[in-house]
Amino acid sequence: MTFPEPIAGMARSYAHSLHHESTMSETPQTIRLADYRPPAYAIDHVDLHFALDPETTRVTSRLKIRRLREGEPLRLDGHYLELISVAVDGRPLETGEYQRDNHSLTLADLPDACELEIITDIHPAANTSLGGLYTSGGNFCTQCEAEEFRKITHYLDRPDVMARFTTTLVADKAGYPVLLSNGNLIASGELDDGRHWAKWEDPFPKPSYLFALVAGDLARIEDTFTTMSGRRVDLHIYVQHHNIDKCEHAMRSLQKAMRWDEETYGREYDLDLYMIVAVDDFNMGAMENKGLNVFNSRYVLARPDTATDADYLGIESVIAHEYFHNWSGNRVTCRDWFQLSLKEGFTVFRDQEFSADMNSRGVQRIQDVNVLRTHQFREDAGPMAHPVRPDSYVEINNFYTVTVYNKGAEVVRMLAHLVGSEGFRKGTDLYFERHDGQAVTTDDFVRAIEDANNADFSQFRLWYSQAGTPQLKVSHRHDTGQQTLTLNITQTCAPTPGQSKKQPFHIPLTVGLLNAESNDLPLCLEGEGVPGTTTRVLHLREATQSFTFTDVPAGTVPSLLRGFSAPVKLEDDLGDEQRYFLMAHDSDPFSRWEAGQKMAVKTLMGLVDDIHAGRPLQLDEAFSDAFARTLADDRLDPAFAALALGLPTENYLAEFIQPIGPQAIHEARDFLRRALA
Ligand code: SER
Ligand code: ZN
Numbered sequence: 007m008t009f010p011e012p013i014a015g016m017a018r019s020y021a022h023s024l025h026h027e028s029t030m031s032e033t034p035q036t037i038r039l040a041d042y043r044p045p046a047y048a049i050d051h052v053d054l055h056f057a058l059d060p061e062t063t064r065v066t067s068r069l070k071i072r073r074l075r076e077g078e079p080l081r082l083d084g085h086y087l088e089l090i091s092v093a094v095d096g097r098p099l100e101t102g103e104y105q106r107d108n109h110s111l112t113l114a115d116l117p118d119a120c121e122l123e124i125i126t127d128i129h130p131a132a133n134t135s136l137g138g139l140y141t142s143g144g145n146f147c148t149q150c151e152a153e154e155f156r157k158i159t160h161y162l163d164r165p166d167v168m169a170r171f172t173t174t175l176v177a178d179k180a181g182y183p184v185l186l187s188n189g190n191l192i193a194s195g196e197l198d199d200g201r202h203w204a205k206w207e208d209p210f211p212k213p214s215y216l217f218a219l220v221a222g223d224l225a226r227i228e229d230t231f232t233t234m235s236g237r238r239v240d241l242h243i244y245v246q247h248h249n250i251d252k253c254e255h256a257m258r259s260l261q262k263a264m265r266w267d268e269e270t271y272g273r274e275y276d277l278d279l280y281m282i283v284a285v286d287d288f289n290m291g292a293m294e295n296k297g298l299n300v301f302n303s304r305y306v307l308a309r310p311d312t313a314t315d316a317d318y319l320g321i322e323s324v325i326a327h328e329y330f331h332n333w334s335g336n337r338v339t340c341r342d343w344f345q346l347s348l349k350e351g352f353t354v355f356r357d358q359e360f361s362a363d364m365n366s367r368g369v370q371r372i373q374d375v376n377v378l379r380t381h382q383f384r385e386d387a388g389p390m391a392h393p394v395r396p397d398s399y400v401e402i403n404n405f406y407t408v409t410v411y412n413k414g415a416e417v418v419r420m421l422a423h424l425v426g427s428e429g430f431r432k433g434t435d436l437y438f439e440r441h442d443g444q445a446v447t448t449d450d451f452v453r454a455i456e457d458a459n460n461a462d463f464s465q466f467r468l469w470y471s472q473a474g475t476p477q478l479k480v481s482h483r484h485d486t487g488q489q490t491l492t493l494n495i496t497q498t499c500a501p502t503p504g505q506s507k508k509q510p511f512h513i514p515l516t517v518g519l520l521n522a523e524s525n526d527l528p529l530c531l532e533g534e535g536v537p538g539t540t541t542r543v544l545h546l547r548e549a550t551q552s553f554t555f556t557d558v559p560a561g562t563v564p565s566l567l568r569g570f571s572a573p574v575k576l577e578d579d580l581g582d583e584q585r586y587f588l589m590a591h592d593s594d595p596f597s598r599w600e601a602g603q604k605m606a607v608k609t610l611m612g613l614v615d616d617i618h619a620g621r622p623l624q625l626d627e628a629f630s631d632a633f634a635r636t637l638a639d640d641r642l643d644p645a646f647a648a649l650a651l652g653l654p655t656e657n658y659l660a661e662f663i664q665p666i667g668p669q670a671i672h673e674a675r676d677f678l679r680r681a682l683a
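According to this note's numbering, the sequence shown is numbered sequentially starting from 7.
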């Protein structure tokens with residue numbers, strides 16, 4: 007196994023930001039969370055009909071509309087669509103009866119409830135934006151998140167409008183033998199002119215961003231899954247014919263994910279069919295369209311002779327991620343795009359925990375922390391810093407970020423730690439039950455966890471609204487007479503764009519104490535009579551706080567931020583000897599790895615200084631001794647040992663060195679690797 011490249015979420019966010027559209031001639035508009043208003047109309051049902059043709063596809067949309075608020079016209083989104091006709095309750099409208107521009111179609115004076123029929127033409131082969139309906143390798147496919155459905159037809163293209171969809175696809179049978187859309191196939195047939203058709207029905211209301219269709223000449227592998235209530239679900243993976251021998255791992259991963267979500271969250275799949283389609287041209291890693299996931303083929307295709315271990319793990323995690331969205335994203339969705347982390351943060355947390363259960367938990371945690379620290383911490387420290395729930399955006403595609411995805415996952419992880427695993431399950435049960443079929447906010451999520459646990463997370467909510475990485479400074483003092491160990495802790499957070507002053511965060515700091523014999527001590531805080539567990543969470547809520555543990559013998563070493571219990575930068579006052587001790591003995595895999603990494607950073611920074619000063623480079627013996635100890639420890643999980651023996655990346659080192667000297671960092675790291683080898 008190699009050090010992970012930025013996995014799943016990263017691939018999604020980076021790729022996505024490539025295709026944001028320039029609004030060159032039009033003034034970009036800032037959208038603000040504070041301006042949110044519920045929709046003035048509901049759409050209860052959508053019936054779509056596609057006459058598929060790569061050059062010109064005719065889209066007929068029949069919408070059952072219901073007014074929710076008086077006095078407002080119906081303004082439908084639409085992105086450069088060729089409008090053919092509009093009719094209300096069967097009556098075609100004259101051009102003067104509606105208004106339109108390149109982004110909208112507006113209808114005034116509608117009845118309280120009506121059926122609207124809109125016919126538009128679109129041009130899939132000419133659509134190179136990879137949004138809306140386009141062709142990839144001769145096949146049709148769609149990508150509608152976040153606001154791309156409006157490239158297909160006029161619609162209330164916002165996630166808080168949830169409707170039931172039926173979709174009919176008509177296409178040339180020879181060129182497009184496979185016709186897929188969301189939900190269950192309810193009818194199909196042939197036409198006289200060599201075309202055929204298929205009609206799909208999705209019984210679950212969904213926002214437009216979850217719509218999908220696929221049409222083409224694809225091969226499929228099939229399997230099944232029996233749900234916990236005994237229902238049989240057909241599982242289909244579609245790929246290009248020559249890739250048919252590379253789907254086995256994706257299928258196994260899907261079945262594992264389905265079982266895990268039942269066991270861990272009590273979530274059962276809801277349709278009779280689950281489909282995955284792999285396409286070569288895809289902006290993101292994959293997309294969780296209801297019942298019809300579309301994947302970038304690199305997250306589906308693998309065979310032992312062509313794929314690495316990291317590829318296998320990446321596929322397992324992305325397949326699971328998209329599957330988990332069926333509940334965290336689809337059944338319960340986002341009210342608006344400021345709430346993106348509601349589904350992404352939670353779902354990344356879910357896929358991380360799934361991977362931890364399937365593989366090595368310690369290694370998984372270290373890899374996830376690595377992604378966070380090398381990419382998200384930098385985002386949080388730069389001009390693009392934004393909160394997990396942003397307050398405003400100009401282009402939503404630019405907010406598919408490591409902050410929304412990976413820091414969002416850390417925020418959910420902290421909540422899970424704060425209430426414990428049983429409490430968290432109670433909280434998510436309540437969340438799914440309370441909000442099934444709704445479009446909600448991150449605040450609703452936190453409230454469900456609070457309500458199920460009688461907790462108060464008012465201060466904790468700052469993690470959603472304040473950007474920046476908190477910095478903790480921890481000093482420790484042992485009192486030999488009293489046999490106590492006191493931790494003094496301060497927290498600060500540097501200003502970020504638009505947020506010059508920060509309030510203290512509620513930070514769960516997980517700690518342990520190792521005595522000189524390298525055993526974990528049962529922990530007892532001053533004032534508590536009885537010692538408890540050997541690992542516990544300290545609640546930091548103020549700028550400065552201290553905690554005193556009793557019955558602590560001399561020579562005890564604190565192990566701080568176990569499991570990386572919060573997305574913070576931690577500076578402590580441990581000496582090199584104490585750190586080498588943790589590196590050799592800490593029972594918490596993350597903290598053990600971290601101690602080794604800190605010593606590696608320190609050693610490397612010394613080497614960078616030597617390079618700048620023109621001194622000859624030498625291998626530090628204390629470091630190589632400690633390194634050798636880990637190398638020789640054959641009780642260690644080999645995957646963990648491999649990580650513990652890996653040096654920090656150049657990217658990560660750059661966080662510690664000002665000004666960043668890429669050449670010196672590279673040279674120092676290269677020297678240390680060679681010297682150790
Ligand atoms: N919603 C997609 C995903 O997270 C794309 O970002 O899988
Ligand atoms: Zn996702």
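Virtual Cβ for every residue (Gly too), placed ideally from N, Cα, C.
In this structure, Tyr-305 has its beta carbon at no less than 8 angstroms from each heavy atom of the ligand ZN.
In this structure Pro-211 is in contact with Met-168, their Cβ atoms being roughly 4 angstroms apart against a cut-off of 8 angstroms. Taking all protein chains in view, the Cβ of Glu-78 is surrounded by fewer than 16 other Cβ atoms within 10 Å, so the residue is classified as exposed.
Secondary structure remark: continuous beta strand (DSSP E) runs of at least 3 residues inside the segment 552-590, in chain order: 563-566, 575-578.
With a minimum length of 3 residues, the unbroken runs of beta strand (DSSP E) contained wholly in the segment 471-538 fall at 477-485, 490-498, 513-520. By the criterion of at least three beta-carbon pairs nearer than 8 angstroms, the segment 68-76 is in contact with the segment 36-54. Looking from the CA of Ile-321, the closest CA among Leu-610, Phe-360, Pro-622, Leu-116 belongs to Phe-360. Counting the other CB atoms within 10 Å of its CB gives Thr-63 a total of 16 or more, which places it among the buried residues. Proximity of the segment 194-210 to the segment 236-251 falls short of the contact definition, fewer than three beta-carbon pairs being nearer than 8 angstroms. Scanning Gly-518, Thr-159, Tyr-586, Pro-595 for the CA closest to the CA of Arg-81 turns up Thr-159. With respect to the 9 angstroms criterion, Asp-386 and Thr-475 are classified as neighbours on the basis of their beta carbons.
Taking 9 angstroms as the cut-off, the Cβ atoms of Pro-165 and Trp-333 do not count as close. Between Val-480 and Leu-378, the C-beta spacing is not below 9 angstroms.
When DSSP states are grouped into helix, strand and coil, Asn-376 belongs to the helix group. For Val-306, there is no enclosing alpha helix (DSSP H), as DSSP gives it neither H nor E. Inclusion of Gln-551 and Gln-509 in the CB contact set at 9 angstroms is not warranted, their separation being larger than that value. Here the C-alpha atom of Ser-427 lies approximately 22 angstroms from the C-alpha atom of Tyr-329. For Leu-529 and His-512, the gap between their C-alpha atoms comes out near 21 angstroms. Taking 8 angstroms as the cut-off, one finds no heavy atom of the ligand SER near enough to the beta carbon of Glu-322.
With a cut-off of 8 angstroms, the C-beta of Tyr-470 is classified as distant from the ligand ZN, since no heavy atom of the ligand falls inside that distance. The alpha-carbon separation between Leu-241 and Arg-309 amounts to approximately 20 angstroms. Note: Ser-398 is bridge-paired with Arg-38 in the DSSP secondary-structure output. Boundaries of the alpha helix (DSSP H) harbouring Met-364: 346-364, taken from the DSSP string. The alpha-carbon separation between Ile-372 and Met-420 amounts to approximately 16 angstroms. Our two residues, His-672 and Leu-659, have alpha carbons roughly 10 angstroms apart in a direct line. Contiguous beta strand (DSSP E) elements confined to the segment 255-302 occur at 279-285, 298-302, taking only those with 3 or more residues. Taking the Cα positions, Glu-456 is about 35 angstroms away from Val-558. Distance from the Cα of Leu-520 is smallest, within the candidate group Ile-495, Ala-560, Thr-498, for Ala-560. In this structure, the straight-line span from the alpha carbon of Leu-113 to that of Asp-163 is close to 16 angstroms. Exposure of Thr-230 is indicated by the presence of fewer than 16 other C-beta atoms within 10 angstroms of its C-beta. With fewer than 16 other CB atoms across the displayed protein chains lying within 10 angstroms of its CB, Asn-525 is exposed. A distance below 7 angstroms between beta-carbons, with the five flanking residues on each side excluded, links Asp-374 to the following residues of its chain, in chain order: Gln-358. When the five nearest sequence neighbours on each side are left out, the beta carbons in the same chain lying within less than 7 angstroms of the beta carbon of Lys-349 are those of His-331, Ser-334, Gly-335, Thr-339, Cys-340, in order along the chain. Per DSSP, reduced to three states, the secondary structure at Gln-382 is helical.
Lys-507 and Pro-501 have their C-alpha atoms some 6 angstroms from each other. Relative to the non-hydrogen atoms of the ligand SER, the Cβ of Ala-326 never comes closer than 8 angstroms to any of them.
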